[in-house]
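Residue numbers (our numbering): 1 to 797.
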């Protein structure tokens, strides 16, 4: 049995999440350090340059970590902010001098916390960030190719101005009032920021209070920003539940005992005394296999409602629960339970069963693990009680997207609601506000292959406080030929989905990317789509296909769409789906172990990987679970034909790790491998070109790029290269060149002492010829038709 160490995170109560502000990232939280007089801001996701530029505009920088105590403060407050594991941008960079990392505030790097093998400057990586999982080690990355949401941590030092303090927020009726001590007056900037973005100026520089009027039900976050010229200061963030009372657990986190139906009980004691109108329950659980978990809620009167059942054999494979159970939420869906959305209890019972009861007493939430060897923790939970008239909103239903060229037409059913307005969000940003009775909207988009995510936010202003509810998010796909499904998690060492996308770009293609393939009911109706690339990851940062996902992949293959699928556990550990009838993999796949360190390329049908042997960089080093594949028996083949064969084997034991299914017409071809493309240490662009050729794509392998004379493949040409070549020629046991084209310094089609002499003359004898094209300084292709290749030259971008 496999085990996953849970990541402990704090519960932050939210009603809905502020949309991502990609160009001008919102402030997620603001906090003063107890270690010194510095102030820190956590920004929403952005690239490194955007975060640093915004920090500079406020007189600060991305954080410069001085010691372990400061690193612990950053990790404790920001790495799991909001119950989500987050990558964090640091001020660390080597923009000025490659390989010399420094802080963006000019301070030298003294303390460091690098991950093993980092920084490695792979793909010209100049920016430093923390990883999401404890102990939050550092990594370098290229912000331009980073597809994992990364959040800037800004640090501001005192500059002579003090923001208001003793900030107290009060919710009364439809309004929220902030009271504070004015340490000004503030004659320059005196601003209220709400939910992370600028909201309103305070006109009176000596003001000690401010009121936000006529607000809808929700949880609001405020901070005050002041400045005097270039000197800025910020208050800590204050969170205000409005139209709600919120009662949070104080005895959590609690370990959930494994395979124990009695579970663990957490108690919230409420001393307020009034009659329940409308309650919601927020639950945050980390667990290695949440389908084994059941959750029950008991009122002090012993009335019980089941929030989530344990159902043996459930196909769900998520390892996190962060859900607000709400009778007006979406229907219960176990696959969406980690997504911090509002969802109806599974039952038996509904939360309306508690209406009319007194709220005071001991409420009990029981979280139980009913099966297997998995484990986890009840991190926190909370009771939300709406103090105004109950919200009667339900989400829109039948939300669909239809594409035509560069247009996406959204349609939905109002589900019996009388909304006053509907906001349409595209990729987390407000795209349009519509009248409440509208049921269709068309989005005209720029050209080019792309995927977009849409969500509806629906309002009812007829009650006080007013109500708002979010619908399901869906995806739309336009003009896409290649789609990369990034199903893997973000806590491993390899971002394979990004590597696949980068390799497609190197081959002249423009892939679209998605994180939820079921969110777009459009793949079978996208006429341009030719190939789907699926990255499911490596345990525990993996994804097991559920029934609907497996059926969709099978339907794509049946409709002539080629499918590439990778993952350490797709066949030997995860449950099988309809895809098993179309992937060319047979019975008897072994779950495997972490012995895959080197790959040996083979050949089957039109896919010849001979000579593509390379070392493999594991996603989960020293604990990398790799399925040992078995090709389908041609006597009992899968449904798309009998031609299937191995294309990769492990060096050593020799078990198969890759398979090519050359299907019959009209089916799509299938490449299946049990390791991550991003871990391949050879030329990924060339490997992708070979895959594309086998799948019938018009693009072939990209040209091999190298620098002539760079024998040791370090990106430069100097005397070390001549020594490496001479050792390879004359010292037994010395490593041979990785790129024989680079070692062929005089470009005569051979490797011998003449090449070393040519290189030494070029370096040290004035007037000598420089190495022939592409030369020693620039990357390029070999203009000479010879027997050499450069498949393992990795020093060109």
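Using N, Cα and C, we set each Cβ at its ideal position, and we do this for glycine too.
Whole-number beta carbon distance between residue j and residue i, since they are thought to touch under 8 Å
{"i": "residue 793", "j": "residue 738", "result": "7 Å"}
{"i": "residue 498", "j": "residue 50", "result": "No, residue 498 and residue 50 are not in contact; Cβ-Cβ is about 19 Å, not under 8 Å."}
{"i": "residue 803", "j": "residue 629", "result": "It is not possible to answer for residue 803, since the shown part of the chain is limited to 1 through 797."}
{"i": "residue 305", "j": "residue 353", "result": "6 Å"}
{"i": "residue 249", "j": "residue 268", "result": "6 Å"}
{"i": "residue 477", "j": "residue 409", "result": "About 13 Å; that fails the 8 Å criterion."}
{"i": "residue 244", "j": "residue 385", "result": "6 Å"}
{"i": "residue 460", "j": "residue 515", "result": "That pair is no contact at about 31 Å."}
Per-residue DSSP class, three states only, for residue i
{"i": "residue 600", "result": "strand"}
{"i": "residue 551", "result": "helix"}
{"i": "residue 344", "result": "coil"}
{"i": "residue 517", "result": "helix"}
{"i": "residue 57", "result": "helix"}
{"i": "residue 22", "result": "Annotation note: pLDDT 38 at residue 22 (below 50); position unreliable, coordinate value reported separately. It is coil, neither helix nor strand."}
{"i": "residue 594", "result": "coil"}
{"i": "residue 700", "result": "For residue 700, the pLDDT reaches just 47, beneath the cut-off of 50, and the residue's location in the model is therefore unreliable, although a value from the coordinates is still provided. Three-state result, residue 700: coil."}
{"i": "residue 81", "result": "helix"}
{"i": "residue 214", "result": "coil"}
{"i": "residue 190", "result": "strand"}
{"i": "residue 75", "result": "helix"}
{"i": "residue 413", "result": "strand"}
{"i": "residue 545", "result": "coil"}
{"i": "residue 620", "result": "coil"}
{"i": "residue 611", "result": "coil"}
{"i": "residue 65", "result": "coil"}
{"i": "residue 785", "result": "coil"}
{"i": "residue 393", "result": "coil"}
{"i": "residue 638", "result": "coil"}
{"i": "residue 625", "result": "coil"}
{"i": "residue 350", "result": "coil"}
{"i": "residue 777", "result": "coil"}
{"i": "residue 336", "result": "helix"}
{"i": "residue 500", "result": "helix"}
{"i": "residue 403", "result": "strand"}
{"i": "residue 571", "result": "coil"}
{"i": "residue 714", "result": "coil"}
{"i": "residue 705", "result": "coil"}
{"i": "residue 770", "result": "coil"}
{"i": "residue 536", "result": "coil"}
{"i": "residue 432", "result": "strand"}
Check whether residue i and residue j have beta carbons under 7 Å apart
{"i": "residue 512", "j": "residue 595", "result": "no"}
{"i": "residue 298", "j": "residue 327", "result": "no"}
{"i": "residue 91", "j": "residue 156", "result": "no"}
{"i": "residue 822", "j": "residue 127", "result": "This structure gives no information on residue 822, because the portion of the chain shown stretches from 1 to 797."}
{"i": "residue 493", "j": "residue 627", "result": "no"}
{"i": "residue 280", "j": "residue 324", "result": "yes"}
{"i": "residue 507", "j": "residue 688", "result": "yes"}
{"i": "residue 814", "j": "residue 528", "result": "Residue 814 is absent from the structure shown; the chain starts at 1 and stops at 797."}
{"i": "residue 471", "j": "residue 456", "result": "yes"}
{"i": "residue 223", "j": "residue 208", "result": "no"}
{"i": "residue 857", "j": "residue 776", "result": "Residue 857 falls outside the range modelled here, since the chain spans only 1 to 797, and no answer is possible."}
{"i": "residue 118", "j": "residue 93", "result": "no"}
{"i": "residue 649", "j": "residue 583", "result": "no"}
{"i": "residue 149", "j": "residue 45", "result": "yes"}
{"i": "residue 237", "j": "residue 30", "result": "yes"}
Residues bridged to residue i [DSSP beta-bridge criterion]
{"i": "residue 531", "result": "482, 562"}
{"i": "residue 86", "result": "For residue 86, which the question treats as bridged, DSSP gives no partner whatsoever."}
{"i": "residue 386", "result": "244, 278"}
{"i": "residue 512", "result": "483"}
{"i": "residue 420", "result": "None; residue 420 has no bridge partner."}
{"i": "residue 577", "result": "Answer by DSSP bridge pairing: none, since residue 577 is not bridged."}
{"i": "residue 381", "result": "283"}
{"i": "residue 27", "result": "43"}
{"i": "residue 95", "result": "None, per the DSSP bridge assignment."}
{"i": "residue 296", "result": "306, 366"}
*Please specify which runs of the beta strand (DSSP E), each continuous and at least 3 residues long, are wholly inside the region 718 to 758, giving them in chain order.*
List check, beta strand (DSSP E) in window: nothing returned.
*What runs of the beta strand (DSSP E), each 3 residues or longer, lie entirely inside the region 108 to 185?*
Entirely contained in the region 108 to 185, the beta strand (DSSP E) runs reaching 3 residues are, in chain order, 127 to 130, 138 to 141, 150 to 156, 165 to 172, 175 to 181.
*asked:* Ignoring anything shorter than 3 residues, give me the beta strand (DSSP E) runs that lie fully in the region 226 to 294, in order along the chain.
replied: Annotation: the region 226 to 294 contains the following complete segments of the beta strand (DSSP E) (minimum length 3 residues), in chain order: 231 to 234, 238 to 242, 244 to 248, 254 to 256, 260 to 270, 278 to 287.
*Counting only runs that start and end within the region 440 to 498, where is the beta strand (DSSP E) found for 3 or more residues in a row?*
Runs found: 440 to 444, 450 to 460, 467 to 470, 474 to 478, 482 to 486.
*asked:* To test your reading of the DSSP string, which unbroken alpha helix (DSSP H) runs of 4 or more residues are found completely within the region 653 to 703?
replied: For the region 653 to 703, whole alpha helix (DSSP H) runs of length 4 or above, ordered along the chain, are 684 to 694.
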